[in-house]
Amino acid sequence: MPQGDHIELHRKRYGQKFDHAERVRKREAREVHKRSERAQAVFGLKAKRQSNERFKEKIQMKKTLAQHAERLAKKKKEKQDPGEALPAYLLDRERQERSRVLTNMLKQKRKARAGRWDVPLARVKPITEEEMFRVVKSGKRQKKGWKRMVTKPTFVGQNFTRKPAKYERFIRPAALRFRQ
């Protein structure tokens, strides 16, 4: 094993914090603002270099967006070689081909056909997070608020076992747990 892989090894063995994904997402969201501040503060040759890098990034971004747009858009078919003759009724038509094989319209028609014989179900009112969970404070000063207590009945599998209380993000009380 290479010597530099100790972090990956630790993650494999012990996993990550429960709110790791959320924290990474927030860090990436904040990065834009930090980058903007740095760009405004820097001057001189550094500013030129940074501006040039950003310019290249933007070009790359536009290219990828254009590729996606091209994949979705209709394309006019290239002119056919004179060897192939078109029937008279097709001469005045503009020939278009879809880049995608299945268009959204076909998908929607298929969905409508499939859903025609479904039994109409009563509308279920969605439950808000505040109604479903109660925040449980932890830590010496009751400062940490990443745990949630489930306040509604929940269904668990046959082989359900609780995680250690320290690592349990969603606490499901025994009285509200049902095994079917």
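Reading the sequence shown from the start, the letters are residues 1 to 180 in the UniProt record's numbering. Using N, Cα and C, we set each Cβ at its ideal position, and we do this for glycine too. Just so it is clear, the structure is predicted and the values come from calculations on it, not from any experiment.
Three-way DSSP call (helix, strand, coil) for Gly4 in this model:
helix
Contact between the segment 153 to 166 and the segment 119 to 135 is defined here as three or more beta-carbon pairs at a separation below 8 Å; is this criterion met?
no
Should Arg172 be labelled buried (16 or more other beta-carbon atoms within 10 Å of its own) or exposed?
buried
Helix, strand or coil, according to DSSP, for Val135 in the structure here?
strand
Is DSSP giving Thr64 helix, strand or coil here?
helix
Beta-carbon proximity list for Trp146, same chain, < 6 Å, skipping 5 on both sides:
Asp19
State the Cα-Cα distance for the pair Lys34 and Phe55, rounded to the nearest angstrom.
18 Å
Cβ neighbours of Gln50 in the same chain (closer than 8 Å, five flanking residues each side left out)
Arg38, Ala39 and Val42
Apart from the five residues on each side of it in sequence, which residues of its chain come closer than 7 Å, Cβ to Cβ, to Val101?
Any reading at Val101 must be qualified, since the residue scores a pLDDT of 48, below 50, and its modelled position is unreliable; no value is offered.
Can you tell me whether Ile127 is helix, strand or coil according to DSSP?
coil
Quick one: Cα of Gln108 to Cα of Arg30, how far?
38 Å
Examine the ligand COA and report whether any of its heavy atoms sits within less than 6 Å of the Cβ of Leu106.
The ligand COA is absent from the structure shown, which contains no ligand whatsoever.
My guess is that Leu176 and Lys152 are in contact by the Cβ rule of under 8 Å, so how many angstroms apart are they, rounded?
7 Å
Starting from Lys147, follow its DSSP beta bridges and name the residues at the other end.
Val136
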